[in-house]
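Trainee:
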Amino acid sequence: MKHSFERVFKQMRQSRETLKPNSILQEVGTILSVSAGIAIVEGLPGVGFEELLLFPRHIYGIAFNIDEHQIGVVLLGDYCLLNAGDEVKRTGRVMDIVVGNELIGRVIDPLGRALDGKGKVSGTQRLPIERPAPAIMSRSPVTEPLQTGLKVLDALLPIGRGQRELIMGDRQTGKTSIAIDTILNQAGKNVLCIYCAIGQKSASVAKTLAILKNNQALDYTVVMVTEGNDAPGLDYIAPYAATSIGEFFMEAGKDVLIVYDDLTQHARSYRELSLLLRRPPGREAFPGDIFYLHSRLLERSTHLNQELGGGSLTALPIIETEEQNMSAYIPTNLISITDGQIYLSPSLFELGVLPAVDVGKSVSRVGGKAQRPAFRSVSGALKLAYAQFEELENFARFGARLDDDSLKTIEHGQRIRSCLKQAESSPLPVAAQICILLALTNRLFDNIPVDSLKNAQQAIVASLNTLEQDLLARLQLAESLNEADKHQLISLFKTTLVSFSESDKATKLKTVANGTV
Ligand code: ATP
Ligand code: MG
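The following block contains the structure:
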C-alpha cells in the first residue's frame, strides 16, 4: 500500500515537473468505459482533481477519482453520445460559470447555456463553481430582515438576510410555494433572487416559471434548471454554480436570495455518481463525504461586513422528508448545517391550513434578531397563544366539556390559525401584516365568526388608507409603535370590524363544536 502511494506521488511530481504550459492541451487520453453519468478514462498523467475534461461532441466532464492508472470522470452531458476509445482532452481549468447582470431574467443550465430560447448568455465574466466560503472575519451579524410576505413566517419564524433557513416537508406539502412566494415578495425591495431547480419534473419547473413570469418576478430573478432526465453530474454541480452567480452579486454589495429546490435530489444524484465511481458506500448507501457536500455549499451563504460591501446571500434550501421523518440521515445533516427549519405538515395541508407550517416543529435561530420591532411586539403573545391552543385542540375535537377560559383559548387559537392562512402567490406587505397581527393579538377578531375572518382582514387592510401618512410610513418600515399609535390603530380597527361582529353566543359555541380548523 505504502509503496503504491509513493509511486503515485512520484509520478505526480514527475508529471508536474515535465508539464509545460502548452503541454496541458497536448495531453490526450482515451475513454475506457462509459456508463450512466460517468466515464473511466486513461492516459492523462498530469490531470488535476476536479479539472474540466473535454470529450467529443462538446461534452465536458469533471475529473473526480484520480487513481494510479485511470480517472473516474463525472460527465456533464449525455453519456449515450460517447463511446469507449473516444479521445479525451485536458482543459487546464476547473469548472466555472458565467456571471453578471446579463443573467438577470434568464433561464440557464449549470453550464451557463440558455434554456429560454432568448439566445446565448452574453456575459464575459466567469467564476469557478467551487469557491471557499467567506472567512469569519469577513462576516457581519444578521441584522436586516428578509420579508417573505407570509404572515406565519414574518411573525413567528422571521428570516434575516444572510441566514440559511431549511424548508422541509413530505411530498406535495407546499415547499416550493413558500420559496416562490418569498421570491415574489422581493419585488421592488432590491433583493436579487436565484431559483435553482435540481432534477425536477419538467411540468413542475414550467409551473414555477409561469408563476415567476406572470408576476414579473423574472425582472430580478435568475433561474437555473436541471431536469429529471439530465445527467446526474449536472444535478451535482447546479447548486454550486447557482451559488457562484449569487456570490457575484453579493460581492458587488447586493442582497441575494437563493432557493435550492431540492437538496434531496442533489444528494441522490451525488449518491448515484459515487456508487458508479465505486466510492465506498456508508449509511443509506451515501458516500462518506455527503455532509461535506451540503456544508460547503451552505457555508457560502452569509452577510458580508461593510468593508466587503455589506452584501448578503440568504439561502432557502428545500428538503423532502419521507413519511414525516425529520430525523432521517440527510434531513438531520441539513438541520445541523442551517440556522433553522420551516417544517410543513401533511396533516395541516390536508386540513386546508395553508401554508401548512407546523409552528411547533419549526424554528428560526438568527432571524429573531433581525425582526423589525413592530413585528416583535406582536409575535411573542401570538406564539404563546397558538401553542396553548394546539395543546387544547385535541380535547375540543372529542367534544370534552371545557371551562370558559379553555373555550376562550380555543376560540382565540382558531382565529390565529385562520388569520395565518394565506393563499399562494399573494404575499402581504409589511404594514398590512402588522395591522392584522395587532388586531389579532388584541383579540379584536374573537367576536367574529371564523368564516368571516378573510373579509374582516381585508377590511382592516382597506382601512389603512384612512391613516395619516406619517403613521403609515412608520408601519411600512415596521418601526416600533408607541402606545398612542397602537391606541389609534386599535380604535380604527374596532370601528371597521363592527359590522362583522357576532352577538349570538350560541353560534360561537357551534363553531367550536364543529371542529377547530
Ligand atoms: P413537491 O414535493 O412535488 O415538490 P411541494 O412540497 O413543493 O411539492 P408545492 O408544489 O409547492 O409542494 O405545492 C403543492 C400543491 O399545493 C400545489 O398544487 C400548490 O398549488 C398547492 N399549494 C401550496 N401552497 C398553497 C397555498 N398557500 N394555498 C393554496 N394552495 C397551495
Ligand atoms: Mg416542490
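With the sequence shown counted from 1, adding 48 to any position gets you our numbering.
We treat Cβ as the ideally placed atom computed from N, Cα and C, and that holds for glycine.
1) Rounded to whole angstroms, how far is the Cβ of proline 394 from the Cβ of valine 200, which I believe are closer than 8 Å?
2) So serine 349 packs on leucine 361, CB below 8 Å; how close in whole Å?
3) Between which two residues does the alpha helix (DSSP H) harbouring glycine 416 extend?
4) Taking phenylalanine 103 as the reference, which of Gln470, Ile378, Lys534, Ala87 has the closest Cα?
5) Checking 8 Å against the spacing of the C-beta atoms, do glycine 388 and valine 411 come in under that value?
6) Is there at least one non-hydrogen atom of the ligand MG closer than 7 Å to the beta-carbon of arginine 261?
7) To the nearest whole angstrom, what separates the beta carbons of serine 500 and leucine 540, a pair I think is in contact under 8 Å?
8) May I have the straight-line CA-CA distance separating glycine 330 from serine 322, to the nearest angstrom?
9) Roughly how many whole angstroms lie between the Cα atoms of methionine 49 and isoleucine 114?
10) Any idea if aspartate 480 is buried or exposed, counting beta-carbon neighbours within 10 angstroms, 16 or more meaning buried?
11) Any heavy atom of the ligand MG inside 7 Å of the beta-carbon of lysine 223?
12) Relative to the alpha-carbon of cysteine 244, which residue among His314, Gly96, Gln74, Glu459 has its alpha-carbon at the smallest distance?
13) Would you list, in sequence order, the uninterrupted alpha helix (DSSP H) runs of no fewer than 4 residues that lie entirely inside the segment 314-360?
14) Please name the residue in Glu150, Gly165, Leu364 whose C-alpha comes closest to that of isoleucine 577.
15) Can you give the beta carbon distance from proline 158 to threonine 256, rounded, assuming they're within the 8 Å contact cut?
16) With C-beta atoms as the reference, is glycine 91 less than 8 Å away from glycine 77?
17) In angstroms, rounded to a whole number, what distance separates the CA positions of glutamate 150 and tyrosine 434?
18) Who are the near neighbours of glycine 416 in its chain, counting only those whose CB is closer than 8 Å to its CB and skipping five residues on each side?
19) If you compare alpha carbons, which of Leu515, Leu488, Thr514, Asn513 is closest to lysine 502?
20) May I ask you to list the residues that DSSP assigns as paired with alanine 363?
21) Please report the distance separating the alpha-carbon of isoleucine 366 from that of arginine 212.
22) Is serine 252 near the ligand MG, judged by its Cβ being under 7 Å from some heavy atom?
23) Runs of 4 residues minimum, wholly inside the segment 420-468: which ones carry the alpha helix (DSSP H) assignment?
24) Could you tell me the distance, in whole angstroms, from the CA atom of leucine 232 to the CA atom of proline 475?
25) Does the beta-carbon of alanine 265, which I'm using as the reference point, lie nearer than 7 Å to any heavy atom of the ligand ATP?
26) Can you tell me which of Gly197, Arg138, Gln248 puts its alpha carbon nearest to the alpha carbon of serine 473?
27) Sort His535, Val121, Glu116 by Cα distance to glycine 85 and report the nearest one.
28) In terms of DSSP beta bridges, what is glutamate 178 paired with?
29) Taking all protein chains shown into account, do 16 or more other C-beta atoms lie within 10 angstroms of the C-beta of methionine 185, making it buried, or fewer, making it exposed?
30) Taking the alpha carbon of leucine 163 as the reference point, which residue from Glu75, Ala507, Ser250, Gln462 has its own alpha carbon closest?
31) Is DSSP giving arginine 491 helix, strand or coil here?
32) Using 10 angstroms around the beta-carbon of phenylalanine 446, count the other beta-carbons present and answer buried if the total reaches 16, otherwise exposed.
33) What does a CB cutoff of less than 6 Å around threonine 555 pick up in its chain, not counting 5 residues either side in sequence?
Mentor: Put simply:
1) Counted from its first residue, the sequence shown places residue 394 at position 346. Counted from its first residue, the sequence shown places residue 200 at position 152. Going by Cβ atoms, the distance from proline 394 to valine 200 rounds to 17 Å, so no, they are not a contact pair.
2) For the purposes of this step, residue 349 is identified with residue 301 of the sequence shown, where counting begins at 1. For the purposes of this step, residue 361 is identified with residue 313 of the sequence shown, where counting begins at 1. Contact flag correct, Cβ pair sits at about 4 Å.
3) Here residue 416 corresponds to residue number 368 of the sequence shown, with the count starting at 1. Under the DSSP assignment, glycine 416 falls in the alpha helix (DSSP H) whose first and last residues are 415-418.
4) If you number the sequence shown from 1, residue 103 lands on position 55. Nearest to phenylalanine 103 by C-alpha distance, out of Gln470, Ile378, Lys534, Ala87, is Ala87.
5) By 1-based counting over the sequence shown, the position of residue 388 is 340. By 1-based counting over the sequence shown, the position of residue 411 is 363. For glycine 388 and valine 411, yes; Cβs fall inside 8 Å.
6) As a position in the sequence shown, residue 261 is number 213, starting the count at 1. Before going on, a small fix: residue 261 reads as lysine here, not arginine. Checking every heavy atom of the ligand MG against the Cβ of lysine 261, none is found closer than 7 Å.
7) Along the sequence shown, one-based indexing puts residue 500 at 452. Along the sequence shown, one-based indexing puts residue 540 at 492. About 19 Å; that fails the 8 Å criterion.
8) Mapped onto the sequence shown, residue 330 falls at position 282. Mapped onto the sequence shown, residue 322 falls at position 274. Rounded to whole angstroms, glycine 330 to serine 322 spans 11 Å at the Cα level.
9) Here the question's residue 49 lines up with position 1 in the sequence shown. Here the question's residue 114 lines up with position 66 in the sequence shown. In this predicted model, methionine 49 has a pLDDT of only 49, less than 50, meaning its place in the structure is not dependable enough to derive any value.
10) Numbered from 1 along the sequence shown, position 432 holds the residue referred to as residue 480. Residue identity differs from the one stated: residue 480 is alanine in this sequence, not aspartate. The residue in question, alanine 480, is buried, as its Cβ has 16 or more Cβ neighbours within 10 Å.
11) Counted from its first residue, the sequence shown places residue 223 at position 175. The answer is yes for lysine 223.
12) Here residue 244 refers to the residue found at position 196 when the sequence shown is read from its first residue. Among His314, Gly96, Gln74, Glu459, the Cα nearest to that of cysteine 244 is on His314.
13) If only uninterrupted alpha helix (DSSP H) runs of at least 4 residues are considered, those enclosed by the segment 314-360 are 338-346.
14) Residue 577 lies beyond the stretch modelled for the chain, which goes from 49 to 565, so this question has no answer here.
15) Counted from its first residue, the sequence shown places residue 158 at position 110. Counted from its first residue, the sequence shown places residue 256 at position 208. That belief does not hold up - the Cβ atoms of proline 158 and threonine 256 are roughly 17 Å apart, past 8 Å.
16) Your numbering for residue 91 matches position 43 in the sequence shown. Your numbering for residue 77 matches position 29 in the sequence shown. Taking 8 Å as the Cβ cut-off, glycine 91 and glycine 77 qualify as a contacting pair.
17) On the sequence shown, residue 150 is found 102 positions in, with the first residue counted as 1. On the sequence shown, residue 434 is found 386 positions in, with the first residue counted as 1. When only Cα atoms are considered, glutamate 150 and tyrosine 434 end up about 46 Å apart.
18) Numbered from its first residue, the sequence shown carries residue 416 at position 368. Here the set comprises Pro206, Arg424.
19) Along the sequence shown, one-based indexing puts residue 502 at 454. Of the listed residues, the one whose Cα sits closest to lysine 502 is Leu488.
20) By 1-based counting over the sequence shown, the position of residue 363 is 315. In DSSP, alanine 363 forms a bridge with Arg212, Ile306.
21) Counted from its first residue, the sequence shown places residue 366 at position 318. Counted from its first residue, the sequence shown places residue 212 at position 164. So the alpha carbons of these two residues sit roughly 11 Å apart.
22) Numbered from 1 along the sequence shown, position 204 holds the residue referred to as residue 252. Yes.
23) 421-445, 452-468
24) Working through the sequence shown from its first residue, we reach residue 232 at position 184. Working through the sequence shown from its first residue, we reach residue 475 at position 427. Cα to Cα, leucine 232 sits roughly 7 Å from proline 475.
25) Taking the sequence shown and counting its residues from 1, one reaches residue 265 at position 217. Flag unset: Cβ of alanine 265 not near the ligand ATP.
26) Taking the first residue of the sequence shown as 1, we reach residue 473 at position 425. The shortest Cα separation from serine 473 among Gly197, Arg138, Gln248 belongs to Gly197.
27) Position 37 of the sequence shown, counting from 1, holds the residue named residue 85. It is Val121.
28) Against the sequence shown, residue 178 aligns to sequence position 130. None, per the DSSP bridge assignment.
29) The sequence position of residue 185 within the sequence shown is 137, counting from 1. Exposed, since its Cβ has fewer than 16 Cβ neighbours within 10 Å.
30) As a position in the sequence shown, residue 163 is number 115, starting the count at 1. Leucine 163 has its Cα closest to that of Ser250, out of Glu75, Ala507, Ser250, Gln462.
31) The residue you call residue 491 lines up with position 443 of the sequence shown. Coil, per DSSP.
32) Translated into positions along the sequence shown, residue 446 becomes position 398. Phenylalanine 446 should be labelled exposed.
33) Walking along the sequence shown from the start, residue 555 turns up at place 507. Note that threonine 555 scores 47 on pLDDT, short of 50, meaning its location in the model is unreliable and no value can be drawn from it.
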